[in-house]
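What follows is a short report on a single structure.
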Amino acid sequence: MHDTVRGITTGAVARRLGVSPTTVRSWERRYGIGPAVRGDGQHRRWSPADVAMLEEMCRLTASGVPPAEAARAAREVRASMEGGGAGAPVVPAVPLAEAAEPETPRRPAGGGGLPLGHVRRECRGLARAAVRLDGPAMETLLRAALAEHGLVTAWEEIMAPTLHAVGRKWESSGDRYVEVEHLLSWHISTALRQAAVTGTAPASPTPPVLLACVPSEQHTLPLEALAAGLAERSLPTRMFGAAVPAEALDAAVRRSGPAAVVLWSQARSTANHALARHIAGTAFGVQGARTAALVLLAGPGWLGRTPDPGMVRPAGLREALGVVSRLYGERAGEAEAPEGGGD
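Numbering (the UniProt record's numbering), first residue to last: 1 to 343.
Laid out in structure tokens, this is it:
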């Protein structure tokens with residue numbers, strides 16, 4: 001009861017919101033949403049109404065609302081709880097001049113200081129949640145994006161642009177933002193795997209699609225997005241993940257007899273054209289009816305060379321899904337042909 005009257009500290013409110021204390025202080029300094037009353041010695045003590053205001057700030061910024069606009073709405077929440085009504089004036093905890101200071105020109109559609117450019121509102125919200133390490137908000141936003149827009153749009157227009165922006169920020173800031181990239185990647189991976197499990201195809205004798213990163217390649221998220229898209233279409237997959245050794249990939253192809261093999265390469269330094277040619281030329285199956293898998297060269301590492309026979313180079317997730325879906329449609333047509341051809 002005593003804490004309810006006095007309020008809680010900045011550290012405690014930050015833990016409750018899942019953000020850093022620095023973020024809370026920044027919001028107070030930049031947007032004037034500090035505690036209405038300070039404790040002894042001018043230490044910040046946050047009342048239930050103050051906490052509700054910050055919760056609304058988190059919710060709005062995570063959904064893509066610009067911080068200054070979100071702060072105005074959040075202050076109204078506190079005013080309403082304190083009995084002043086939505087239209088009551090709210091006195092900020094810092095001078096008005098200081099509160100107005102952050103309203104400086106910024107790059108188009110920025111998200112938490114990341115170089116996003118012109119992107120969807122959901123992308124900006126995801127970026128802001130990532131920068132403040134707000135895991136629960138990222139989880140909520142990713143789930144909503146997949147439900148509202150579908151896998152392909154969510155990946156191409158929300159997840160991937162945010163990942164690229166974090167990567168660019170990391171490269172240009174002397175190894176800062178590494179923790180942001182790791183946490184964002186983990187949450188995106190979790191969301192994609194949940195989507196893949198939801199759409200997992202039942203067990204069937206249909207040849208699977210093998211997905212693997214070439215040796216020395218660690219970037220798996222694009223393959224996870226493809227695996228989720230194939231599962232959504234009830235197509236069987238086998239995901240082998242990062243840096244698959246050439247011998248292991250060869251063994252997997254011979255043992256599983258796949259319809260297609262997707263090889264991901266993020267950079268030209270990891271693209272292994274000799275391995276791709278080997279996989280495309282690997283025949284399997286019973287004697288007299290041997291076949292080979294179609295090889296999809298996925299990722300920017302394969303750019304600059306014309307694909308060899310038995311290979312295709314899709315431009316992105318949507319095209320890769322189309323290539324594989326058509327491949328399975330053709331196989332289904334071949335399976336039905338003998339029945340009609342006997343008349």
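Cβ coordinates follow ideal geometry from the N, Cα and C atoms, glycine included.
None of the values given here were measured: they were computed from a predicted structure.
Expressed to the nearest angstrom, what Euclidean distance is found between the alpha-carbon atoms of residue i and residue j?
i: Glu-319; j: His-149; result: 17 angstroms
i: Gln-266; j: Pro-161; result: 15 angstroms
i: Arg-277; j: Ala-137; result: 44 angstroms
i: Ala-71; j: Thr-270; result: 46 angstroms
i: Asp-3; j: Glu-217; result: In this prediction, Asp-3 has a pLDDT of 46, which is less than 50 and means its spatial position is unreliable; nothing more can be read from the coordinates.
i: Leu-151; j: Ala-145; result: 8 angstroms
i: Leu-263; j: Val-323; result: 14 angstroms
i: Ala-14; j: Val-131; result: 14 angstroms
i: Thr-153; j: Leu-183; result: 21 angstroms
i: Pro-92; j: Arg-29; result: Because the pLDDT of Pro-92 is 36, which lies under 50, any placement of that residue in the model is unreliable, and the number read from its coordinates should be weighed accordingly. The alpha-carbon atoms of Pro-92 and Arg-29 are separated by roughly 10 angstroms.
i: Ala-191; j: Trp-155; result: 11 angstroms
i: Pro-21; j: Arg-78; result: 20 angstroms
i: Ala-49; j: Thr-140; result: 24 angstroms
i: Glu-232; j: Val-197; result: 9 angstroms
i: Ala-68; j: Pro-35; result: 17 angstroms
i: Gly-7; j: Glu-56; result: 18 angstroms
i: Gln-287; j: Val-244; result: 28 angstroms
i: Arg-305; j: Ala-147; result: 37 angstroms
i: Thr-9; j: Pro-222; result: 42 angstroms
One question on the structure: do residue i and residue j come within less than 8 angstroms of each other, judged by their Cβ atoms?
i: Leu-317; j: Gly-241; result: no
i: Gly-285; j: Gly-257; result: yes
i: Ala-246; j: Pro-215; result: yes
i: Glu-224; j: Ser-189; result: yes
i: Ala-298; j: Pro-314; result: yes
i: Val-19; j: Asp-134; result: yes
i: His-187; j: Leu-142; result: yes
i: Arg-120; j: Glu-157; result: yes
Leaving out the 5 sequence neighbours to the left and right, which residues in its chain are closer than 7 angstroms to residue i when beta-carbon positions are compared?
i: Thr-220; result: Cys-213, Gly-241 and Ala-242
i: Ala-292; result: Ala-280, Gly-281, Thr-282, Ala-283 and Gly-310
i: Ala-260; result: Val-209, Ala-293, Leu-294, Leu-296, Val-324 and Leu-327
i: Asn-272; result: Val-214 and Pro-215
i: residue 352; result: Nothing in the structure corresponds to residue 352, since the chain is present only between 1 and 343.
i: Arg-254; result: Thr-282 and Phe-284
Where do the N-terminal and C-terminal ends of the beta strand (DSSP E) with residue i fall, by residue?
i: Thr-10; result: No beta strand (DSSP E) contains Thr-10, which is instead part of the alpha helix (DSSP H) from 10-17.
i: Arg-238; result: 237-241
i: Val-303; result: It is Leu, not Val, that sits at residue 303 in the sequence shown. Counting along the chain, Leu-303 falls outside any beta strand (DSSP E), and DSSP gives it neither H nor E.
i: Val-262; result: 260-264
Name the two residues that bound the continuous alpha helix (DSSP H) containing residue i.
i: Trp-27; result: 21-31
i: Arg-59; result: 48-62
i: Val-131; result: 121-131
i: Ala-251; result: 246-256
i: Val-77; result: 67-81
i: Ala-212; result: From DSSP, Ala-212 is part of no alpha helix (DSSP H) but of the beta strand (DSSP E) over 209-213.
i: Ala-154; result: 151-154
i: Pro-222; result: 221-232
Select from the options the residue whose C-alpha is nearest the C-alpha of residue i.
i: Gly-125; options: Ala-14, Arg-326, Arg-59 and Ala-259; result: Arg-59
i: Leu-303; options: Leu-275, Leu-321, Arg-268 and Gly-329; result: Arg-268
i: Glu-181; options: Leu-226, Val-51, Val-166 and Leu-275; result: Val-166
i: Arg-193; options: Arg-44, Ile-158, Glu-157 and Met-239; result: Met-239
i: Asp-308; options: Arg-255, Ala-274 and Gln-287; result: Ala-274
i: Ser-234; options: His-43, Arg-44 and Gly-329; result: Gly-329
i: Tyr-31; options: Gly-301, Pro-66 and Pro-300; result: Pro-66
Under 6 angstroms Cβ to Cβ from residue i, same chain only, skipping five residues before and after it: list those, please.
i: Ser-26; result: none
i: Leu-249; result: Ala-212
i: Met-159; result: Ile-188
i: Cys-123; result: Ile-158, Pro-161 and Thr-162
i: Gly-342; result: Because Gly-342 carries a pLDDT of 43, less than 50, the predicted location of this residue cannot be relied on, and the following value inherits that uncertainty. There are no such residues.
Ordered along the chain, which non-local residues of its own chain (more than five positions away) have a Cβ less than 8 angstroms from that of residue i?
i: Leu-54; result: Val-13, Leu-17, Val-24, Trp-27, Ile-33, Trp-46 and Ala-74
i: Glu-179; result: Leu-133
i: Ala-52; result: Val-77, Arg-78 and Met-81
i: His-43; result: Thr-9
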